[in-house]
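Counting from 1, position 86 in the sequence shown corresponds to residue 86 in full-length UniProt numbering; the numbering is continuous, with no gaps.
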Amino acid sequence: MSLPKRVVLVGPMGAGKSTIGRMLAKELGYRFLDSDRIIEERCGANIPWIFDVEGEDGFRQRETAMLDELSNEMGTVLATGGGAVMRAENRGLLKKNSVVIYLKTSIDQQVERTRKDRNRPLLQNDDPEGVLRRLFAIRDPLYTELADIIMFTDRKSPRLVVRQLVNRINPKTPRHRRQRRKEGRHNAQGTSRAEG
Ligand code: S3P
């Protein structure tokens, strides 16, 4: 597989899309884009403010317009918001010229990683875990259908996830060949290590 024109990360809140996306972009020599952060910059306000003033519908309109614009940016890794897959129109835009990666994460990990967050309006209530469960039930089939690659992120460091992604996206990169040679040497010495 040659390198894709762009890489798109989808998955729930707390999956690590921004952290992993930034590191993956660096590794591939691509530009990193985060649709939520660009919406905030353009709007001059943060996401809670947009939800407050324009409602979720207002935010979703901005999100679709942003995904449309960013779908023409090649040589990029795009981190999307967890709800970006809800509109069929968005799913078409995310698929354009891209390899789509679903960062799949357990509810426990999502809860853990979003616990102290105040920037996600959908979780500012008495039962954030219940919300994450309900959203997962609706969205997991959509993420799965859209994805070219599904990568589990639980109990893995971002660095390991990125290494595994690079190998899946383009198994012929020099880095990968070096890694394979190293593993071969370790195997010969009986010190090989399971991964995944
Ligand atoms: C949302 C996820 C958020 C952000 C907004 C709505 C969602 O992005 O787009 O708060 O519907 O799941 P992250 O997935 O980056 O937290």
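Ideal Cβ placement from N, Cα and C applies to all residues, glycine included. Keep in mind the model is a prediction, meaning the values are calculated, not measured.
Sequence-distant residues of the same chain with beta carbon closer than 8 Å to residue i, five excluded per side
| i | result |
| --- | --- |
| residue 222 | Residue 222 falls outside the range modelled here, since the chain spans only 1 to 196, and no answer is possible. |
| N123 | Note that residue 123 corresponds to Leu in the displayed sequence, not to Asn. The answer, listed in chain order, is M13, T114, D117, V131, L132. |
| V85 | V10, R91, L94, R139, L142, Y143, L146 |
Reduced DSSP category for residue i - H, G, I as helix; E, B as strand; rest coil
| i | result |
| --- | --- |
| V10 | strand |
| M23 | helix |
| V85 | coil |
| R31 | strand |
| M66 | helix |
Residue span of the beta strand (DSSP E) that contains residue i, given as start and end
| i | result |
| --- | --- |
| K104 | 98-104 |
| A79 | 76-79 |
Sequence-distant residues of its chain with Cβ nearer than 6 Å to residue i (five each side left out)
| i | result |
| --- | --- |
| residue 199 | The requested residue 199 is not part of the displayed model; the chain covers only 1 to 196. |
| Y30 | G75, T76, V77 |
Cβ-based neighbour list, residue i, same chain, cut-off 7 Å, excluding 5 preceding and 5 following
| i | result |
| --- | --- |
| G14 | T105, Q109, Q110, R113, T114 |
| L70 | L33, S35, L78 |
| D127 | none |
Closer than 7 Å to chain B by CB, residue i
| i | result |
| --- | --- |
| R113 | Note that chain B does not occur in the displayed structure, where there is just one protein chain. |
Span of the alpha helix (DSSP H), counted from its first residue to its last, around residue i
| i | result |
| --- | --- |
| S112 | The question names Ser, but residue 112 is Glu in the sequence shown. It spans 107-114 - the alpha helix (DSSP H) in which E112 sits, taken as one unbroken run. |
| N167 | 158-169 |
| D140 | 128-146 |
Requested in this report: Count the C-beta pairs between the region 20-34 and the region 48-64 that are closer than 8 Å, then say yes if the count reaches three, no if not.
Outcome: Contact fails: fewer than three Cβ-Cβ distances are below 8 Å.
Margin query: Within 8 Å, do at least three Cβ pairs link the region 3-13 to the region 71-81?
Written below: Enough Cβ pairs lie closer than 8 Å, so yes.
* To do: Report yes or no: do three or more beta-carbon pairs, one from the region 155-167 and one from the region 17-33, lie closer than 8 Å?
  => Contact between the region 155-167 and the region 17-33 is present: three or more C-beta pairs spanning the two stretches fall below 8 Å.
Quick check: the region 133-143 against the region 36-45, are at least 3 beta-carbon pairs closer than 8 Å?
When Cβ pairs closer than 8 Å are counted between the two stretches, the region 36-45 is seen not to touch the region 133-143, the count staying below three.
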